[in-house]
Amino acid sequence: MTDGENWVHGTVRWFDTAKGFGFLESPEYPNGVFVEYSSIDSPGFKTLSAGQPVVFTCELRPRGVEATAVRPMALLSTAAA
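Structure, rendered in structure tokens:
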């Protein structure tokens, strides 16, 4: 993770692979955080699973809070090993 960015720990509420979007949840954002597949920072096919732990950055946009980068926790622990 890069210094200067505010990474938030959360989980995937749901993600529709066919539509390419879903929602994340965390205590900091009780109404959820919108996520599109293009924000997923992982190699290969970009998808998420309900209940999957993630870290993410986000910003407030006209329609609500939206993730700008999402990293599945499994990828972070693999990279650290």
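Numbering (my numbering), first residue to last: 3 to 83. Glycine included, each C-beta is placed from N, C-alpha and C at the ideal position.
From the options, residue whose alpha carbon lies closest to that of residue i
i	options	result
valine 37	Ser51, Asn8 and Ala76	Ser51
tryptophan 16	Cys60, Thr70, Pro64 and Val56	Val56
glutamate 7	Ala76, Cys60 and Val35	Cys60
phenylalanine 47	Thr19, Ala76, Leu62 and Trp9	Thr19
Own chain residues within Cβ distance below 6 Å of residue i, not counting five before or after
i	result
valine 72	Val37, Ser41, Ile42, Val56 and Phe58
glutamate 30	Val10
serine 28	Val10 and Gly12
Whether residue i touches residue j by CB criterion (9 Å)
i	j	result
proline 74	serine 44	yes
valine 67	glycine 34	yes
Own chain, CB closer than 7 Å to residue i, minus 5 neighbours either side, in chain order
i	result
glycine 53	Thr13 and Val14
glycine 22	Glu38 and Tyr39
Cβ-based burial, residue i [other Cβ within 10 Å; buried from 16]
i	result
alanine 69	buried
leucine 26	buried
Which parts of the region 10-64 are runs of the beta strand (DSSP E), unbroken and 3 residues or longer, counting only runs that do not cross its ends? 10-18, 23-28, 31-38 and 55-63
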